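At position 122 of the sequence shown the residue is numbered 122 (UniProt numbering), and the sequence of numbers has no breaks. Quick reminder that beta carbons are idealized off the backbone N, C-alpha and C, glycines included. Since the structure is predicted, the reported quantities are computational estimates derived from the model, not experimental observations. These notes concern the structure reproduced below.
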Amino acid sequence: MDTHDIAEAYTVVPVAAPPLADEEYAAVLRADFTDHYAHGRDIWTGEEAMRETPRILLAALADVRDAHILDIGTGHGRDAAILLAGGHRVTGIDLVASDEWAGLRARWPGRARFGAAELTEPGELTGARQYDAVLDNGCLHHQHPDRYPAYLRRVHELLHPGGLLTVSVFHSAAERGDLFVNGGRRLYREFTEAELAGLLTAHGFSVVELRTVPRGRDALHYLVGTFRSTPAATTDADADELT
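Rendered as structure tokens:
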């Protein structure tokens, strides 16, 4: 079976469709990330190319002071620290809690909040229209495709009207992005520019900017898109399917 090097020391296998239903996949996703963090295999934490994504969001917020930003998949808080140093308030959520959150809270008292939560689970992240911007640095491309509508709808709900979403995904230079799976059955989705823009515009966002970020390994890139929330998001039935 063909394999694909998605990152340094990480090989994934292409699949035609997700091997698990969305309801089963949620537990798999949490377990795989828990295992990676517990054994120090979270190589993305130290990947310098990933730090470009919060800087792209900061540039988009150049005219906004003291924004409240939701950092989805905050990990150990590397991106949150960049956003906090940029003069903004950050709420970070992740499937796996990190001991490093305490230091960030202490360094920026009252401006840094963190919690273990899943974006679309009822009751874990309550309220609406609370954030000026949302950062998703590598979470959307691990979601089950059946969850894209609920995931993006929740992001839209949490943003103030006209708020910004900056999202980073694996980039595909082919005509269509493929779906992959690792040994722990975690999904990896590559996107073309047209696919990412189409998915987000189908769920209530307009394109502000799309750019690729080199990852310093072979021809691998991240695709980073910044989008603005529009007045109304589409329903699941209105959105094109994307697997």
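Counted within 10 angstroms of its Cβ, other Cβ atoms place residue i as buried (16 or more) or exposed
i: Thr-235; result: Caution is warranted here: a pLDDT of 42 is assigned to Thr-235, below 50, making its placement in the model unreliable, and the coordinate value is therefore given only provisionally. Exposed: under 16 other Cβ atoms inside 10 Å.
i: Ile-93; result: buried
i: His-144; result: buried
i: Gly-138; result: buried
i: Glu-209; result: exposed
i: Pro-149; result: buried
i: Glu-241; result: Here the model assigns Glu-241 a pLDDT of 41, short of 50, so the residue's position is not dependable, and the following value carries that caveat. It counts as exposed.
Per DSSP, cross-strand counterpart(s) of residue i
i: Tyr-222; result: Phe-170, Val-213
i: Phe-33; result: DSSP output for Phe-33 lists no bridge partner at all.
i: Pro-14; result: Phe-180
i: Arg-113; result: Thr-91
i: Arg-189; result: Leu-179
Beta carbon proximity, residue i to chain B, threshold 7 Å
i: Asp-146; result: Of the protein chains in this structure there is only one, and it is not chain B.
Run of the beta strand (DSSP E) containing residue i, from where it starts to where it stops
i: His-68; result: 68 to 72
i: Arg-55; result: Element bounds for Arg-55: not the beta strand (DSSP E) but the alpha helix (DSSP H), 52 to 60.
i: Val-96; result: Segment: none, Val-96 is in no beta strand (DSSP E) and carries neither H nor E.
Supposed close pair residue i, residue j - CB separation, criterion 8 Å
i: Asp-66; j: Asp-79; result: Asp-66 to Asp-79, Cβ: 18 Å. No contact.
i: Gly-87; j: Val-167; result: Incorrect: roughly 22 Å between the Cβ atoms, too far for contact.
i: Gly-73; j: Asp-136; result: 7 Å
Residue i: first and last residue of the uninterrupted alpha helix (DSSP H) it sits in
i: Ala-155; result: According to the sequence displayed, residue 155 carries Val and not Ala. Its alpha helix (DSSP H) spans residues 148 to 158.
Touching by the beta-carbon criterion (3+ pairs, under 8 Å), the stretch 97 to 110 and the stretch 188 to 204: With a cut-off of 8 Å, the stretch 188 to 204 and the stretch 97 to 110 do not count as touching, because too few Cβ pairs lie within range.
Cβ contact (3+ pairs, closer than 8 Å) linking the stretch 209 to 222 and the stretch 170 to 178: Yes, the stretch 209 to 222 touches the stretch 170 to 178.
Contact between the stretch 128 to 137 and the stretch 156 to 165 (3+ Cβ pairs under 8 Å): The count of Cβ pairs closer than 8 Å, one atom from the stretch 128 to 137 and one from the stretch 156 to 165, reaches three, so the stretches are in contact.
Inter-stretch contact (C-beta, 8 Å, three-pair minimum) for the stretch 171 to 191 and the stretch 132 to 150: Yes, they touch.
Validate contact between the stretch 49 to 66 and the stretch 28 to 38 using beta carbons, cut 8 Å, 3 pairs: Verdict: no, contact absent.
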